[in-house]
Every structure is written in structure tokens, then in C-alpha cells.
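Counting in our numbering, the sequence shown runs from 67 upward without gaps. All C-beta atoms, glycine included, are put in the ideal place defined by N, C-alpha and C. Report on the following structure.
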Amino acid sequence: MECDPSEPIVLADLGAATLGPDQGYGLLADAAIALKGGRIAWVGAATELPQDYAGWRIERLGGRLVTPAFVDCHTHLVFAGNRAREFEMPLEGASYEEVARAGGGIVSTVRATRAAGETALIAATLPRLDALLAEGVSVVEVKSGYGLDVETELRMLHVARQLQSLRPVRIRTTFLGAHATPVEYKGRNADYIAEVCIPALRAAHAEGLVDAVDGFCEGIAFSVAEMEPVFAEAKALGLPVKLHAEQLSNIGGIRLAARYGALSVDHVEYANDADAAALAASGTVPVLLPGAFYAIRETQAPPVASFRAHGVPMALATDCNPGTSPMTSLLLTMNMACTLFRLTVEEALRGVTVNAARALGLSDTGRIAAGMRADLAVWNAESPAELAYRFGFNPLHTRIFGGL
Ligand code: DI6
Ligand code: FE
Numbered sequence: 067m068e069c070d071p072s073e074p075i076v077l078a079d080l081g082a083a084t085l086g087p088d089q090g091y092g093l094l095a096d097a098a099i100a101l102k103g104g105r106i107a108w109v110g111a112a113t114e115l116p117q118d119y120a121g122w123r124i125e126r127l128g129g130r131l132v133t134p135a136f137v138d139c140h141t142h143l144v145f146a147g148n149r150a151r152e153f154e155m156p157l158e159g160a161s162y163e164e165v166a167r168a169g170g171g172i173v174s175t176v177r178a179t180r181a182a183g184e185t186a187l188i189a190a191t192l193p194r195l196d197a198l199l200a201e202g203v204s205v206v207e208v209k210s211g212y213g214l215d216v217e218t219e220l221r222m223l224h225v226a227r228q229l230q231s232l233r234p235v236r237i238r239t240t241f242l243g244a245h246a247t248p249v250e251y252k253g254r255n256a257d258y259i260a261e262v263c264i265p266a267l268r269a270a271h272a273e274g275l276v277d278a279v280d281g282f283c284e285g286i287a288f289s290v291a292e293m294e295p296v297f298a299e300a301k302a303l304g305l306p307v308k309l310h311a312e313q314l315s316n317i318g319g320i321r322l323a324a325r326y327g328a329l330s331v332d333h334v335e336y337a338n339d340a341d342a343a344a345l346a347a348s349g350t351v352p353v354l355l356p357g358a359f360y361a362i363r364e365t366q367a368p369p370v371a372s373f374r375a376h377g378v379p380m381a382l383a384t385d386c387n388p389g390t391s392p393m394t395s396l397l398l399t400m401n402m403a404c405t406l407f408r409l410t411v412e413e414a415l416r417g418v419t420v421n422a423a424r425a426l427g428l429s430d431t432g433r434i435a436a437g438m439r440a441d442l443a444v445w446n447a448e449s450p451a452e453l454a455y456r457f458g459f460n461p462l463h464t465r466i467f468g469g470l
């Protein structure tokens, strides 16, 4: 199907999961969607299509399901190298220490990324981006965090920004200088934050490379006290924040993020009910990352019941990264969230659309409604459940991208 959403067109003979504000999919059977100028002009029952749209080209979709295009709100898509050996060694009986001594972990990706130029980073990233687009993704969040020096952090963000000139996609960039402490600052987290991380954030912001600021708040990474100056600088620069929080333990990361009105807190396996109440009060979106939960064989699932009880909307993302979530499938992410975390299919679909958009501070995509961007996914499926039920199968028929 050829569809240029900048030209007037009516999509017809379809079922639309509009994901409106009310509970449920907002399913419209035998619906029509009018598109013009990269925006949704109208959506409703085909029998009620207004006369305004008579004469527009009609594209019939054979009864297929149409959802909002997907939003991947948490990825580390830009990096060099891979960590397949780290996957293999434990299976051969190596201990965690032996893997670390062999140079595994974030620092090994930092070494490879520092050594890669922009061209090599783009070449390494595009296949991962193409895999996401092939499953109907229209917006991808991309973090820095594998440079851990000013020059490479800026290079990662430059590459992330360039992706939207190489593919029909919207990129949202996140500065993650506080991802890990580089070997040259081992044991000196606070010095690294002051001497490298914050100067890199200021430089990246000055070049217009940053849409949000993130950090890894965890016993093996940065404490709340060490994250505080990074968030204070983000606030001073007028940038929203998000945080990898409570992934392996509860050290108060969510409460720090809520205090700063964060867009999102991510992983959150070890969040508690008080954290869920804090998120409800701050309007911060918890982003569940089942890929990392699965890959590290975590046993503590996020407190989904607490999020539901406090009315906290949950988002989902791939967390595509070479260490704990080397995957590029939001369809598989939906299946994992339902199977491992017991999300309903509606929660999973909202998690990769409207709630993921909210985790990025975007309100113009993620739902099918007049005025929203024409970011749509047409599926060889009749019901949303088919999207989460299968795994390892991609039923996308057409991705419609409203443009930059
Ligand atoms: N949490 C994670 O699981 C990843 N980063 C983070 O903050 C790990 C990234 C990697 O192992 O390369
Ligand atoms: Fe992550």
C-alpha cells in the first residue's frame, strides 16, 4: 500500500484501535480515517464519514486492524561492538568475576564505542533502527552513555540526531552520561560526575543535542546523592529528566525522580507501593523493560498491581542495549510484558503507544484522534490480542509515518 499522509486520503474498510482516554481499546469496527498534511483529520464509523472528505482518494484496507504507530521510549540504540561472548561464557561455566575480568560489561561497549567514528556508529545502528521500523515504530528514544567522555558522548548524540535524516522516523535524544563510571575514574564517581558528566551535558545542550537527561541510579552505578547534581544541572538547563531506577534494588531513585517531576522511571522491578503513590502524584510514567528482566533472569517483577491501584499508566520499551537487552522488537516486548508481568493486552498496547509517548513528553502521537499525527500501523490481524499473543512473528502490513 502506498500512502503519503501529507496528501488527502481516506483509509476505509478497517478496524481502528483508537486508544482514547476511556478504558478499553476504543475499537471502531468498519471505521474510516481521513489523513491530510501528515495529521489525522477525522476518524469514526465509515457510515458517518463527513461530506468534507467526499472525493478524497480512498484506500481500502480489507478489514485489517489499524493501531497508532509504536513508540520505543527507551533504547541504547547507538553503540559499537557486541557482548555475545558475555552471553556465551557463563553457559560454559564461567563465573561473573571471570566474565568481568575478561573485560565484560558496559566498559567493554564503552571501549568499542570510543574507538568507532560517526560513520561506523551509523552503520552499526541502522540495522537495529530498521528492525524497529519494520514493526511499525514511528518514534525512537536514543540514549548516549557508552562514551563516558565529552567527545564520545557528543558523537553518540550527533549520530542519534542524524538517524532521522536517514530514515522516516522521529528521534528523541537522552543524555545518559551518568550510565557508568569509566575505568579512568574507577572508585571516583563524584569526580566523574563533576569533571566529565556535567561538562558533557552542558556541551551537548549547547549544541541542541539533548531532549532529556537520564541516569543509572543503582548500587552498581550512581547513588541518589551522586545523581542529584546531574538532575540539578538538567533543571538549570530547562531539560526534563528520566531515570533507570530500582532495577536491582530499592535505593530511592524513584523518589528522587518524582521530586524532579521526571518524565519516566525505567525498569522499576524493585519499586514499592510508596513509590507508586509518588509516581501518581508527580505524573511520572514507569517504563517496564521485560527484555532486561528476561535476559538477566530477574525474579522480582515490577509492582504492576500497585501501579494499577494508584492509577499510574505503564509504558513498555525494548531497552535495546548490547548487555542486558539485545533486542529490537516491541511486539516481543508486548508478549513478554503480558507473559512475565501479567499485563493485559490493552495495557501492553497502551504501553507501546500513548503511554510510551507520554514517557517522552509527547502528546501528538500514540492515539488515533483528529489532530494527532498520522502515525499509524496497519496489521495483518483483526484484534489487538494477535499482536501480543504471537512471538517471533511480525504481522505488520504497512507503517504510515506523518513526517518530521
Ligand atoms: N541498566 C541496564 O540494564 C543497562 N543499562 C542500565 O542502566 C545495561 C547496559 C549494558 O550492559 O550495556
Ligand atoms: Fe536502559
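Item                                                                                         : Value
Helix, strand or coil at Lys301 according to DSSP, with G and I counted as helix             : helix
beta-carbon Asn387 near ligand 2 non-hydrogen atom, thresh 7 Å                               : yes
Straight-line gap, Ala447 to Glu68 (C-alpha atoms, nearest Å)                                : 19 Å
heavy atom of ligand 2 below 7 Å from Asp430 C-beta                                          : no
Assigned secondary structure, His333 (DSSP; H/G/I helix, E/B strand, else coil)              : strand
Length of the line joining the Cα atoms of Ala343 and Leu242                                 : 26 Å
Whole-angstrom distance between Pro379 and Pro234, CA atom to CA atom                        : 28 Å
Given 8 Å, three or more beta-carbon pairs between the region 273-283 and the region 303-314 : yes
Option in Leu214, Gly170, Thr141 and Gly468 with minimal Cα separation from Ala197           : Thr141
Asp480 Cβ short of 7 Å to ligand 2 heavy atom set                                            : Because the chain in this structure spans residues 67 to 470, residue 480 falls outside the shown range and cannot be described.
Alpha helix (DSSP H) segments (min. 4 residues) lying fully within the region 373-420        : 396-407 and 411-417
Proximity below 8 Å, CB of Tyr490 to CB of Pro248                                            : Given that the chain is displayed from residue 67 to residue 470, the structure contains no residue 490 and the question cannot be resolved.
Asn421 and Val334 closer than 8 Å at C-beta                                                  : no
Distance between Ala186 and Leu223 (C-alpha atoms, nearest Å)                                : 14 Å
Secondary structure of Cys263, DSSP reduced to three states                                  : helix
Contact set for Pro388: own chain, Cβ-Cβ below 6 Å, skip 5 residues either direction         : Phe145, Asn148, Arg149 and Thr175
Opposing strand residues paired with Arg123 [DSSP bridges]                                   : Ile75
Rounded Cβ spacing between Leu93 and Gly81 (contact assumed at less than 8 Å)                : 6 Å
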